[in-house]
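Below: one structure, written as structure tokens.
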Amino acid sequence: MTAAAPLTTDPADLLHRVFGFGQFRPGQEEIVRAVIGGQDVLAIMPTGGGKSLCYQLPALARSGLTVVISPLIALMRDQVGAMQQAGVPAASLTSGNTPEENDIVFDALSDQRLKLLYIAPERLASGATTGLLRRAGCSMIAVDEAHCVSQWGHDFRPDYLRIGELRQALDVPLAAFTATADAATRTEIVQRLFDGREPASFLRGFDRPNIRLAFAVKDSPRKQIMAFAAARRGQSGIVYCATRARTETLARALADAGHPARAYHGGLEDWERRTVEGLFQTEDGLIVCATVAFGMGVDKPDVRWVAHADLPKSIEAYYQEIGRAGRDGLPADTLTLFGPDDIRLRRAQIDESNAPADRREADHGRLNALLGLAEAPTCRRRMLLAYFGEISDPCGNCDLCETPARLFDATEPVRKALSAMLRTGESFGTNHLIDILTGNPTDKVRQRGHDLLPTFAVGQNLKRPAWQAVFRQMMGRDLVRPDRDRYGALRMTEAARPILRGEASIDFRADSVERATSRPEPRALVSDDDAPMLAALKAHRRELAQAAKVPPYVIFNDRSLIEMAERRPTSLDDFATITGVGATKLERFGPSFLAVITGQEEPAAHPARIKLAASGHGTLYERLHAAEQELTRGPDGAQKPLSLTTTQRARLVSQRPKDAQAMTRLIGNRATERFGAAFLEILSER
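Here the sequence shown stands for residues -13 to 672, numbered as in this note's numbering.
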């Protein structure tokens, strides 16, 4: 280990002598002094705003060891290297260390020679870690990317939940840092890291004025990305993609066009990812096409541009990812592409997640906020900062400030759309509502009598693609959201009520509506209206498969789930007619899948009843049961209650007695006297 720099408690001296800076960035000094003073601290600072210095410098000013809990090995490796180059005794304990490297770190800890130790949250799972840190003289904990502790955060890491226990066990102050945390996330950080006790909080602005913001509707997205990169040839950039396959194809296309480009995703071997990380840090002009796996560890100051080939999953993720550009404060560009297929993908990912219902609803709201940014009518930065609670003037550094969008008064179409939603009980998705508005008498519209509604055909002045653009902008302004309890059916939010009542007006972007075309999309497995139900069924199938340790298709294949999503069976008898549902699967899985479809817990069914459903005789069983219930107290309703067992009813269905004598052998004299005539009448009809 390198020798420690002489200690001093003067932050300005340490800033200049160790870090080489003449002055603090805005907001840094106040945070640094609070951390040095031993206060618990929560600091929300913009990406690239100098968070790491706010715990590195106090580590030198305080006695003892500062433990830094950080989520990515690459980030830890880079920061340890920078500290060691500055003469600070720093080290890391990660899964990337060799046994020999770990031995050196353990020796330094035993001798209390370290000032900074970086560890991953996963190391806290070991019970020995707390004792190791106590013996090493740990006097402070710093948590980087603190939003990972929150289930509302966009990068939730379960192992972060152990940090609060570590803090209590060591009884030392804790400083938490993050760039993206809305109010719900901040509340959970305080609860989980500080045991509910309010830390000294610093909210240091989210604006990165050097980053230019731009969005574009997808139109040959590969060509759009290639043109964006070509205009910035020789500059380091990142292209974020929704899938691993997209990273590979874009990286090849960029390389074929003469750009140095590499793909990066979670499917690569560890050594391959480390190679790309190293090249990105050391090579000028390299372009990395990556999934979000290339995330929080990026600490390269001169990334000149970030492009999104696909829409990010939330506005927080968008802010975090574009924040990797221009960390040196010099101008940087961003471009985010989006289209209907992106929105479907992101909605499905939310609906298929194992998150609680309220979390899924919040995630739909976050996606709506990002759609609002994509379809923003005026300055994008103003809308982005407003989401994080900041008020700002138009920025002059986004595509809409440079070329203002044309707007139109959308109050009337919005009111028509809301009326169609309310008149159909807020029970349907976009496609069905557009069928009503445009006067398209589909079977589904006619079967439900929706062709007789006052709103039927009131929107024929707009074509279907234009209505899709209207609904997209309604979601972007959070006027409507998918209902978590109705699998994608749109429901109105409180923000829409003044518009519906005629108390407020609203402007939408005219270009989004006018340029909307019926360009063919890749055929989806199910309609947009049925997609949320299919996602919920897939999520349930995944839970069952994980519990049974089998592939999901062993439970039910996709064809069966698609049929369930489209037909929506409401009883075991209906469920038994789904392709791929045999007697055993009906018994094992029928009730739980029905609960997903109907939204109600199915009571446990008798095995004999399930067997009848599987054989197709469930309807006859139900008719006999209904007749029995009517006669439970006799024809006059005054007799002593009498009922059959499930087994007796099943025997009647399977053997079908033709006279009272045969029936008596199955259910006895008293039951035959009470129910025989009604039962024989039903049985004779078949």
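Where is the CB? At the ideal position from N, CA and C, for every residue including glycine. Every value quoted in this text rests on a predicted model; they were computed, and no experiment measured them.
Proline 468 sits in a strand when the DSSP states are folded into three classes. With a cutoff of 8 Å on beta-carbon distance, lysine 37 and alanine 45 are scored as not near each other. Here DSSP, grouped into helix, strand and coil, assigns glycine 223 to strand.
Taken atom to atom, the span from the alpha-carbon of aspartate 168 to that of glycine 191 is near 12 Å. Separation of isoleucine 336 and arginine 230 (C-alpha to C-alpha, rounded to the nearest whole angstrom) is 19 Å.
The stretch 455 to 466 and the stretch 476 to 489 touch, with three or more beta-carbon pairs separated by less than 8 Å. Residue Ala77 holds the alpha-carbon nearest to the alpha-carbon of arginine 63 among Ala215, Ala77 and Thr563. In this structure, leucine 666 sits away from isoleucine 653, with a CB-CB distance that is not shorter than 8 Å. Every alpha helix (DSSP H) of 4 residues or more that sits fully in the stretch 529 to 555 is shown, in chain order, as 538 to 541 and 544 to 553. If you draw a 10 Å sphere on the C-beta of serine 300, you find 16 or more other C-beta atoms in it, and that means buried. By the beta-carbon neighbour count (other beta carbons within 10 angstroms, threshold 16), glycine 435 is exposed.
Ranking Gly252, Pro85 and Arg333 by CA distance to the CA of histidine 350 puts Arg333 first.
For threonine 650, the enclosing alpha helix (DSSP H) begins and ends at 646 to 653. In this structure, tryptophan 291 sits away from glycine 182, with a CB-CB distance that is not shorter than 8 Å. A Cβ-Cβ contact shorter than 8 Å links valine 74 with valine 4. In the displayed model, valine 129 falls within a strand according to three-state DSSP.
Ranking Thr84, Gln459, Cys275 and Asn83 by CA distance to the CA of proline 363 puts Gln459 first.
According to the DSSP secondary-structure assignment, threonine 322 is paired through a beta bridge with Phe201 and His294.
DSSP places methionine 212 in no beta strand (DSSP E) but in the uninterrupted alpha helix (DSSP H) bounded by 207 to 216.
In this structure, Arg619 is the residue among Lys402, Arg619, Ala636 and Ile329 with its C-alpha nearest to the C-alpha of phenylalanine 661.
Here arginine 409 is not near leucine 486, since their CB atoms are 8 Å or more apart. Nearest neighbour of proline 451 by Cα position, chosen from Leu438, Leu610, Lys430 and Asp497, turns out to be Asp497. In this structure arginine 432 is exposed. Its beta-carbon is surrounded by fewer than 16 other beta-carbon atoms within 10 angstroms. A direct Cα-to-Cα measurement between glutamine 532 and isoleucine 583 gives close to 20 Å.
Valine 456 places its beta carbon less than 8 Å from that of alanine 403. In this structure, the CA atom of arginine 260 is about 11 Å from the CA atom of phenylalanine 280. Serine 136 and proline 144 have their C-alpha atoms some 9 Å from each other. Aspartate 493 is bridged by DSSP to Asp395. For the options Phe266, Val54, Leu316 and Arg248, the alpha carbon positioned closest to that of arginine 109 is the one of Val54. Distance from the CA atom of methionine 649 to the CA atom of alanine 624, rounded to whole angstroms, is 24 Å. Between the alpha carbons of isoleucine 420 and arginine 472 lies a distance of about 18 Å.
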